[in-house]
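S.K.: Residue numbers for the sequence shown follow the working numbering, so the first one is 105 and each next one is one higher.
To start, I am sharing the structure in question, which I have written as structure tokens.
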Amino acid sequence: MEDLKLITSAPPHLRSPVTVPWIMQQVVFALLPAAIWGAVFFGPRLALPPLVLAVLACVGFEALDCLAFRRPLTVGDWSAVVTGMLLGLSLPPGCPFWIPIVGGGVAIFLGKQMFGGIGQNVFNPALVGRAVLLISWPKIMATWHVRPPFVLGATSYATPVDVVTSATPLGIVKAYGYPAVWETPHLLFRLFVGLVPGCIGEISALLLLLGFVYLLARGVVQWDIPLFYSMGLVAVALVARQNPLFHLLAGGAVMGACFMATDYTTSPMTPRGRIIFGFGAGALTGIIRWLGGYPEGVTFGILTMNALVPLLDRMLPRRFGVKKA
């Protein structure tokens, strides 16, 4: 029988009693407050269908892939649930039912299973799904439904309405210029607590940060990538002469930094690599927001740095005796 050649990272290799299902369950618990607030703020009719369909699509497509290619069934590790939640929370409320289904299929087949499954994918699967949706259906992905009291810049309506479309703060910056967004009263407070139009689970920086603190306390994630992601984003905001706090709180920056850039498989293993990765992803996010064609740059910023992770791990190997990141 031919000998198998395995590619491993530099030693030492440590064993841990922590299991993949346990880690994924902690991430789900950490995301629940943001998901619940999305359902409350936008209303269950707009927020729950995309989220539920995204989770079901990811789990269903992973099971289908395992059965089709006669692989061991892996849906019990909860990774598909996490992918579905991250994808669903990054979708606009009220989007067509097929958007989360297509996004889930792309995330699982193209972003995960094509590389061999969990632990072998190069790119964050949820971001792969979202990127394809952004490129293929930009108008749908930029249509934001919200209840009238929370429309930015709106004061009254001639006839009573339940739901209207509204621009996000980043959308206002891209369409009308940076000064226009500050016409919204108490903008930073609304961004922090989650009283602005946006994706289902990205609007409340407060609840996302609480979920991140929970993951830190449970030892699931580390602080370095989110910190340097924020530093990279702040650096670009200062160069652009824009409010750094606005860019940290707006859009998907908090979710991207705390829940997507910290993915084990698609982030570097060494401390130096993680610093470069985090700063680069944050800086690219800011550059795309400032100079790019999309109002939001989180998806493409993190995916670009995902592609550089193998290079960072090779150029900056972990020396013997150095604690693994």
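Beta carbons: idealized from backbone N, C-alpha and C, even for Gly.
1) Can you give me the C-alpha to C-alpha distance between A172 and A211, rounded to a whole angstrom?
2) Measure the C-alpha to C-alpha separation of T272 and L191 and round it to an integer number of angstroms.
3) What is the DSSP secondary structure of H249, reduced to helix, strand or coil?
4) Have a look at Y282, V413, L342, G401 and flag the residue whose alpha-carbon is nearest the alpha-carbon of M373.
5) Could you tell me if H290 is buried or exposed, where buried requires 16 or more neighbouring beta carbons within 10 angstroms of its beta carbon?
6) For G223, which of helix, strand or coil comes out of DSSP?
7) Under 8 Å by Cβ, that's how I've got G56 and G386 pegged, so tell me the actual separation to the nearest angstrom.
8) Consult DSSP for S183 and reduce its assignment to one of helix, strand or coil.
9) Measure how close the beta-carbons of L310 and V297 come, nearest whole angstrom, since I'm counting them as under 8 Å.
10) Taking only three categories from DSSP, how would you classify A167?
11) Looking at C-beta atoms only, is the number of pairs between the segment 127-136 and the segment 180-198 that lie closer than 8 Å three or more?
12) Excluding five sequence neighbours on each side, which residues of the same chain lie with their C-beta closer than 6 Å to the C-beta of R393?
13) Cβ-heavy atom distance between P176 and the ligand PLP below 7 Å?
14) Less than 6 Å between C-beta atoms, sequence neighbours within five positions excluded: which residues of the same chain meet that for V358?
15) Compute the Euclidean distance between the alpha carbons of A344 and G209, then round it to the nearest angstrom.
16) Reducing DSSP to helix, strand and coil, say where D367 ends up.
17) To which residues of the same chain is E306 closer than 7 Å at the C-beta, ignoring the five residues directly before and after it?
18) Contact check, F133 vs P197 under 8 Å by CB: the rounded distance?
19) Taking 7 Å as the limit between beta carbons, can you name the residues of its chain near Y282, skipping five residues before and five after?
20) Closest by CA to R294, which one among L314, F316, R378, L349?
21) Within a Cβ cutoff of 7 Å, which residues of the same chain sit near V340, ignoring the five residues on either side of it in sequence?
22) Excluding the 5 residues flanking M419 on each side, which residues of the same chain have their C-beta closer than 6 Å to its C-beta?
23) Note the first and the last residue of the continuous alpha helix (DSSP H) segment covering N410.
24) Given a threshold of 16 other Cβ atoms within 10 Å of its Cβ, counted over all protein chains shown, does P399 qualify as buried or as exposed?
25) Can you tell me the Cβ-Cβ gap for I379 and D328, rounded? I've got them flagged as a contact below 8 Å.
26) Closer than 6 Å by C-beta to A365: which residues in its own chain qualify, once you throw out the five before and the five after it? Chain order, please.
27) Kindly list the residues whose CB is nearer than 7 Å to the CB of A167, restricted to its own chain and excluding five residues on each side of it in sequence; keep chain order.
28) Work out the CA separation of H249 and V267 for me, nearest whole Å.
29) Go to L353, then tell me how far its alpha helix (DSSP H) extends in each direction, as first and last residue.
30) Could you tell me the boundaries of the alpha helix (DSSP H) in which P273 lies?
31) Have a look at F219 and G315 and give me their C-alpha separation to the nearest angstrom.
32) Tell me whether the beta-carbon of L237 lies closer than 8 Å to the beta-carbon of G207.
33) How big is the Cα-Cα spacing for W241 and R234?
34) Look at L157 and F201 and say whether their C-beta atoms are less than 8 Å apart.
M.R.: Looking at the coordinates:
1) When rounded, the distance between both Cα atoms is 17 Å.
2) 19 Å
3) strand
4) V413
5) exposed
6) coil
7) Nothing about residue 56 can be reported from this structure: the residues present for the chain run from 105 to 429 only.
8) helix
9) 5 Å
10) In this structure, A167 counts as helix in the three-state DSSP scheme.
11) yes
12) G401
13) Questions concerning the ligand PLP fall outside what the structure shown contains, since it holds no ligand whatsoever.
14) A309, L312
15) 37 Å
16) coil
17) L193, S194, G355, G356, M359
18) Actually they do not touch by this definition, with Cβ atoms about 22 Å apart.
19) Excluding residues within five positions, the ones whose Cβ falls inside 7 Å are Q346.
20) L349
21) A387, G390, I391, W394
22) none
23) 402-419
24) buried
25) Indeed they touch by this definition, with Cβ atoms about 7 Å apart.
26) I329, Y333, A385, I406
27) Contacts found: L177, V179.
28) At V267, the pLDDT of 46 sits below 50, so the modelled position is not reliable and the matter cannot be decided from this model.
29) 348-353
30) 273-280
31) CA-CA distance, F219 to G315, rounds to 29 Å.
32) yes
33) 10 Å
34) yes
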